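*Asks:*
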Amino acid sequence: MSVKLEGNIFVTGSNRGIGLELVKQLAGMTGGDTHIYACCREPEGSRAQALREVTTQYSGKISIIKLDVSDEDSVSAAVQAVSKQIGDGGLNLLINNAAIAKPTFPGTLAATSKKHMMEVYETNVGGPFLTAKMFLPLLQKAAGGNSAEMHKGDTMSCRRAAIINISTYISSMEKCSENFHLAQMYAYRTSKAALNMLTCCLAEDLKTHNILVTAIHPGWVRTELGGSKAPLTSQESVLSMLSVMSSLSNKDSGMLLDWQGTTIPW
Ligand SMILES: NC(=O)c1ccc[n+]([C@@H]2O[C@H](COP(=O)([O-])OP(=O)(O)OC[C@H]3O[C@@H](n4cnc5c(N)ncnc54)[C@H](OP(=O)(O)O)[C@@H]3O)[C@@H](O)[C@H]2O)c1
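Position in the sequence shown (from 1) plus 981 gives the number in our numbering.
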């Protein structure tokens, strides 16, 4: 599997789990023309210790950006911080990774409150909506730039300008009857189904700007969210997802793919 990503890359929720691994692998496999904006809610806090260590290891390649995706002022401050640093190239890749699942597993109907539904929606849908909307000028800047690296005939790629929304297999309505009893998770499932629609809307809206928008399911991964029984490590999932991201082109915009690049039905 080959990974060819470069430029300015922004990752939300990168202090742990899949987000942290995305930052680690991107920093390790890209060249000097790549800069990673790694976001977390509390850059100085104990939960960001591992991210701070990666930033020190790849000195000058990663900037930690304070970001709570559910807070519009915080997204606005992040846009300002990145804009100051990013230069003329604009933002090439926005990875909307941050998400929550409430209440705790299995998230049955009885255990789920309206507050859970709203909180999860605010982070998992409101967050990617706000980042896409507010980083659009920087993505447009990148999309309008030199496209020498692109595949022939394709106008979109993650090297040019793209939004990747990290979704999930259990957002699929078609697959619900197969997996509902394994993980009921009302709030999480419905929020990710809404994220899929956001992906479709943005893909349609932004195709004239040559900005690719794709949703990717990372697999079932051993993280705080995925739990200890998950079969995939975050290293395996991320390596495979980055390879998929490297190969995305026009035909993949507005799609939901898994970590191996297989299409998941809506
Ligand atoms: N693990 C799986 O099996 C699995 C399967 C399918 C899809 N996914 C998706 O993969 C992505 C990453 O999941 P994960 O397993 O790595 O989860 P995780 O270990 O729970 O990490 C979630 C990350 O999101 C951040 N976050 C939560 N709310 C935030 C907010 N309001 N603003 C900014 N950051 C926030 C967390 O930061 P704090 O430390 O500050 O809370 C943390 O960095 C999610 O989109 C998830 O839905 C995961």
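No residue lacks a Cβ here, since even glycine has one placed at the ideal position from N, Cα and C. None of these values were measured; they are calculated from a predicted model.
Taking the alpha carbon of His1190 as the reference point, which residue from Gln1121, Val1063 and Ile1081 has its own alpha carbon closest?
*Replies:* One-based indexing of the sequence shown puts residue 1190 at position 209. Closest option to His1190, Cα to Cα, is Gln1121.
*Asks:* May I have the straight-line CA-CA distance separating Val1101 from Ser1172, to the nearest angstrom?
*Replies:* For the purposes of this step, residue 1101 is taken as residue 120 along the sequence shown, with counting starting at 1. For the purposes of this step, residue 1172 is taken as residue 191 along the sequence shown, with counting starting at 1. If I take the Cα positions, the gap works out to 7 Å.
*Asks:* Contact criterion: CB-CB distance below 8 Å. Does Asp1052 meet it with respect to chain B?
*Replies:* Absence of chain B from the displayed structure is noted, only one protein chain being present.
*Asks:* What number of angstroms, rounded off, separates the C-alpha of Asp1069 from the C-alpha of Lys1232?
*Replies:* Within the sequence shown, numbered from 1, the residue matching residue 1069 stands at position 88. Within the sequence shown, numbered from 1, the residue matching residue 1232 stands at position 251. Rounded to the nearest angstrom, the two C-alpha atoms are 28 Å apart.
*Asks:* Where Gln1030 and Pro1084 are concerned, what is the direct C-alpha to C-alpha distance, given to the nearest angstrom?
*Replies:* Taking the sequence shown and counting its residues from 1, one reaches residue 1030 at position 49. Taking the sequence shown and counting its residues from 1, one reaches residue 1084 at position 103. Rounded to the nearest angstrom, the two C-alpha atoms are 26 Å apart.
*Asks:* Any heavy atom of ligand 1 within a distance shorter than 7 Å of the CB on Thr1149?
*Replies:* Sequence index remark: in the sequence shown, residue 1149 carries index 168 (1-based). Correct: Thr1149 has its Cβ closer than 7 Å to ligand 1.
*Asks:* Can you tell which of Asn1160, Ser1044, Thr1011 and Met1010 has the C-alpha that lies nearest to the C-alpha of Asn1024?
*Replies:* Working through the sequence shown from its first residue, we reach residue 1024 at position 43. For the record, residue 1024 in the displayed sequence is Pro; it is not Asn. Residue Ser1044 is the option with its Cα nearest to Pro1024.
*Asks:* Is the beta carbon of Asn989 within less than 7 Å of some heavy atom of ligand 1?
*Replies:* Within the sequence shown, the letter at position 8 stands for residue 989. Outside the cutoff, so no.
*Asks:* Is Val936 helix, strand or coil by DSSP?
*Replies:* Since the first residue of the chain shown is 982 and the last is 1247, residue 936 is not available in this structure.
*Asks:* Compute the minimum distance between the beta carbon of Val1050 and the heavy atoms of ligand 2, and state whether it is under 7 Å.
*Replies:* Because ligand 2 does not appear in the structure shown, any question about it cannot be addressed here, the ligands present being ligand 1.
*Asks:* Compare the beta carbon distance of Leu1003 and Ser995 with 8 Å and say whether it is the shorter of the two.
*Replies:* Sequence index remark: in the sequence shown, residue 1003 carries index 22 (1-based). Sequence index remark: in the sequence shown, residue 995 carries index 14 (1-based). Going by C-beta atoms, Leu1003 is nearer than 8 Å to Ser995.
*Asks:* Helix, strand or coil for Ala1080? Go by DSSP, reduced to three states.
*Replies:* Here the question's residue 1080 lines up with position 99 in the sequence shown. Correct three-state label for Ala1080: coil.
*Asks:* Using 7 Å as the cut-off, classify the Cβ of Gly1108 as near or not near the heavy atoms of ligand 1, replying yes or no.
*Replies:* Within the sequence shown, residue 1108 is the residue found at index 127, counting from 1. Yes; taking the cut-off as 7 Å, the Cβ of Gly1108 has a heavy atom of ligand 1 nearer than that.
*Asks:* Let me make sure I understand the geometry here. Which of Leu1237, Asp1049 and Glu1034 has the alpha-carbon closest to that of Ile1151?
*Replies:* In the sequence shown, the residue the question calls residue 1151 occupies position 170. Considering only alpha carbons, the answer is Leu1237.
*Asks:* Three Cβ pairs or more, each shorter than 8 Å: is that satisfied between the segment 1173–1183 and the segment 1209–1225?
*Replies:* Not touching, per the Cβ criterion.
*Asks:* Pick helix, strand or coil for Tyr934, following the three-state DSSP scheme.
*Replies:* Absent from the model: residue 934. The displayed extent of the chain is 982 to 1247, so no value can be given.
*Asks:* Heavy atom of ligand 1 less than 7 Å from the Cβ of Arg1033, yes or no?
*Replies:* To locate residue 1033, count along the sequence shown from 1; it is residue 52. Incorrect: Arg1033 has no Cβ contact closer than 7 Å to ligand 1.
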